[in-house]
Amino acid sequence: MTENHKKPRVMLLFGGRSGEHVISCATAAAVMEAIDRTRYEVIPVGITVSGDWVPALDDPQHYALKDGEGTYVNAADERVALLAGTNRLVGYSVTNPAELKDLGEIDVVFPLLHGPFGEDGTIQGLLETADLRYVGCGLTASATSMDKHLTKTIISQAGIAVGKWELITDRQWQTNRLAVLERIRALGKVVFVKPNRAGSSVGISRVADFADLEAAIEAAREHDLRVIVEAETSGRELECGVLEFPDGPRPSEIGEIAVCGADFYDFETKYQDPEAVKLSIPANISEDVKVRIQNAAIEVFEALGCEGLSRVDFFYDEETKQLTLNEINTMPGFTPFSMYPMMWKQKGLSYSELVSHLIELALSRRVGLR
Ligand SMILES: Nc1ncnc2c1ncn2[C@@H]1O[C@H](COP(=O)(O)OP(=O)(O)O)[C@@H](O)[C@H]1O
Ligand SMILES: [Mg+2]
């Protein structure tokens with residue numbers, strides 16, 4: 138710490154420009170509630186949907202989900218900013234931006250952001266330029282893990298199974314649609330169409346009838362002009378948390394998601410219809426399968442160069458014994474009722490201990506290339 142303040146000043150950064158804005162606010166509510174205030178000073182900073190940084194309320198109730206309905210970071214004339222290349226936070230009013238108010242130095246940033254412009258390396262890059270420590274994965278791991286096409290490319294190189302997929306770039310879609318459709322036909326009868334960089338199932342469709350394909354691609358393009366189409370993978374959905382410790386990353390218990398009231402684990406099932414999904418922690422699997430998944434999760438974490446935390450999601454087919462990576466989330470759902478914190482709770486780490494652990498890990502990191 139470079140200034141003479143007693144507790145590390147932790148900037149909670151949340152909201153953001155992605156389709157997961159309200160989920161991020163719900164996470165921030167939970168972290169505000171649980172963070173150990175005898176150890177840390179909390180500086181909440183909200184990012185509005187249009188990307189403005191504003192001083193946020195330090196009020197968990199305000200940002201919590203209520204009956205599945207979320208809250209947004211409100212636009213305001215008051216703004217905050219990190220002075221470029223420094224760890225100094227300043228405040229100003231849009232009506233008088235020349236008058237900067239010094240809000241002190243930040244010791245560590247906890248980016249509670251999901252999706253593009255938060256979980257994808259952009260914020261991480263901003264913080265890197267200022268030598269500002271932050272929780273979680275660095276720039277490259279964040280960017281690669283957000284990108285489903287790049288993740289599969291790297292992970293298949295690392296020898297871990299991934300399903301068949303095709304990437305559709307904007308140019309390909311604009312100029313040679315027939316060739317694109319031809320490539321997709323080869324993936325099989327049922328495919329998943331997704332924005333290449335998104336989360337919380339936004340923009341995802343399961344397509345069982347080829348006639349619905351174009352509409353599904355257009356829907357995904359609303360979120361990302363790069364679209365990924367995947368062959369449907371059979372099997373149970375099993376997830377493993379990875380958390381870094383001073384001696385290296387460790388796997389959590391395994392969790393299972395069993396969707397009963399929907400085609401797949403879509404946005405509604407995730408946040409609005411708890412009846413339609415059954416979460417089991419620990420998952421009812423053999424010791425053998427558990428160890429396979431835990432080892433694979435660590436391999437994925439290391440292959441992508443992750444740091445701090447990640448949740449690695451797999452499909453496991455009981456009949457063929459095939460384990461296939463679905464995706465990795467470098468800022469997984471992080472309310473106390475989300476899979477990642479619950480999987481660690483099962484291992485004896487409470488939510489508030491998990492928050493402290495991640496902050497301490499970030500504070501102990503060296504800055505610069507690592
Ligand atoms: N290739 C696939 N085969 C079968 N189910 C899939 C496939 N891809 C996605 N799903 C289903 O869709 C859900 C959301 O897909 P996912 O890639 O995890 O998106 P997100 O990044 O938005 O969480 C998964 O949890 C799973 O239920
Ligand atoms: Mg997912």
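Numbering (my numbering), first residue to last: 138 to 507. For each residue, glycine too, the CB sits at the ideal point set by N, CA and C. Keep in mind that this is a model prediction, so the values were computed, not measured.
Asked	Found
Contact the stretch 156 to 171 vs the stretch 320 to 339: 3+ CB pairs below 8 Å	yes
Gly255 versus Ala399, Gly445 and Met283, residue with shortest Cα-Cα distance	Met283
Identity of the residues DSSP links to Lys203 by a beta bridge	Glu206
Boundaries (first-last residue) of the beta strand (DSSP E) holding Asn315	Looking at the sequence shown, residue 315 is not Asn but Leu. Element bounds for Leu315: not the beta strand (DSSP E) but the alpha helix (DSSP H), Arg314 to Arg322.
Ser187, DSSP secondary structure in three states	coil
Rounded C-alpha distance that separates Leu446 from Gly385	11 Å
Residue ranges of each alpha helix (DSSP H) within the stretch 418 to 465, 4 or longer	424 to 440
Proximity of Ile465 and Val426 at Cβ, strictly below 8 Å	no
Segment contact flag, the stretch 224 to 244 with the stretch 271 to 291, C-beta cutoff 8 Å, min 3 pairs	no
Identified DSSP bridge partners for Ala218	Val227
Ala171 vs Tyr200 beta-carbon contact at 8 Å	no
Distance CB(Met479)-CB(Leu250) smaller than 8 Å	no
Where the alpha helix (DSSP H) through Leu495 begins and ends	Tyr488 to Leu500
DSSP three-state assignment for Val168, whether helix, strand or coil	helix
Closest residue to Val246 among Ala235, Val186, Ser293 and Ala267 (Cα-Cα distance)	Ala267
CB contact flag (Asp450, Glu369, <8 Å)	no
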